[in-house]
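The numbering of the sequence shown is the numbering used here, which starts it at 2 and goes up by one.
Glycine included, C-beta positions come from ideal geometry on N, C-alpha and C.
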Amino acid sequence: MVTDGTTWRRLYLRGQTWYLDCRINGARHVIKLGKNIKRTVTGELANVKRAAILRGEAGIGKKKEDCTFDKATEANLTWMTTNCRPRTQQVYQQQLDQLSQSFAGKLLSQISSFDIERHKHRRVEAGARVAGNREVSRLKALFNAAIKWELYERKNPAVGIRPVEEPEGRLRFLDYAEEASLLKVAPPILQHVIVIGTNCGIRIASEALTLTWNYVDLLRNQLTVSAAFARRAKPEACLSTPEHGKSW
């Protein structure tokens with residue numbers, strides 16, 4: 002008899018057939034190993050069977066939870082509608098759409114680190130180095146969420162995947178002459194948006210274009226970005242001061 006923690010096992014011969022007798026999670030199981038085989042071979046087969054049982058691959062014991070990439074994505078999207086701002090939801094949706102091109106229809110257990118590296122390479126070849134890095138981060142978060150929600154009980158294959166080196170961004174500001182030139186050629190519908198963005202320092206898509214009149218105070222030359230769209234998830238007031246740009 003061999004004892005190894007939660008499982009004990011012994012080998013015995015009945016007639017010309019070898020059997021593995023083991024106990025897992027309090028339940029006894031007798032497994033046929035083979036007929037007319039040597040004792041040494043029997044031991045090796047027993048180790049293989051035992052490993053398969055402990056991995057949940059032999060129909061014995063608790064099988065590890067697993068789900069498809071599509072189901073995990075659906076769960077993530079449901080979570081995002083409650084916990085993320087609209088602009089963030091849109092960005093995450095775009096990342097998941099790209100990931101689905103590589104992993105749709107697969108079980109999470111079928112996605113290996115090599116598969117993720119292959120997705121990363123595909124995005125680099127498409128000239129989307131930065132986007133590819135963000136997608137790998139989103140995939141890592143998807144696996145972590147699936148583990149947290151007990152949809153998946155294995156290791157996260159995205160852990161340890163190194164991001165692709167990204168080019169350094171360029172930081173610059175419009176001077177007064179450039180701003181005047183931009184307003185001169187911009188359509189009238191965009192001119193007000195440009196003035197708000199340059200004088201108040203707010204992001205166009207998620208902050209300027211989501212403003213409503215109740216967040217604008219013309220008497221104080223002040224506007225407030227709603228917490229639902231602000232970068233720090235709390236209301237932010239911006240006071241427009243034409244002489245010096247903006248103050249917070």
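Within a 10 Å sphere around the beta-carbon of residue 19 sit 16 or more other beta-carbons, which makes this residue buried. The continuous alpha helix (DSSP H) containing residue 196 extends over residues 189-201.
The shortest C-alpha to C-alpha distance from residue 96 to any of 88, 139, 107 is the one to 139. Under the DSSP assignment, residue 36 falls in the beta strand (DSSP E) whose first and last residues are 28-36. For residue 224, no alpha helix (DSSP H) run applies; the uninterrupted beta strand (DSSP E) run containing it begins and ends at 223-226, by DSSP. Going by beta carbons, residue 207 and residue 88 fall inside the 7 Å limit. Counting the other Cβ atoms within 10 Å of the Cβ of residue 37 gives fewer than 16, which makes it exposed. Under the criterion of beta carbons closer than 8 Å, residue 152 and residue 66 qualify as touching, at roughly 6 Å. Here the C-alpha atom of residue 178 lies approximately 11 Å from the C-alpha atom of residue 185. Collapsing the DSSP output to three states places residue 163 in coil. Under the three-state reduction of DSSP output, residue 116 falls in the helix class.
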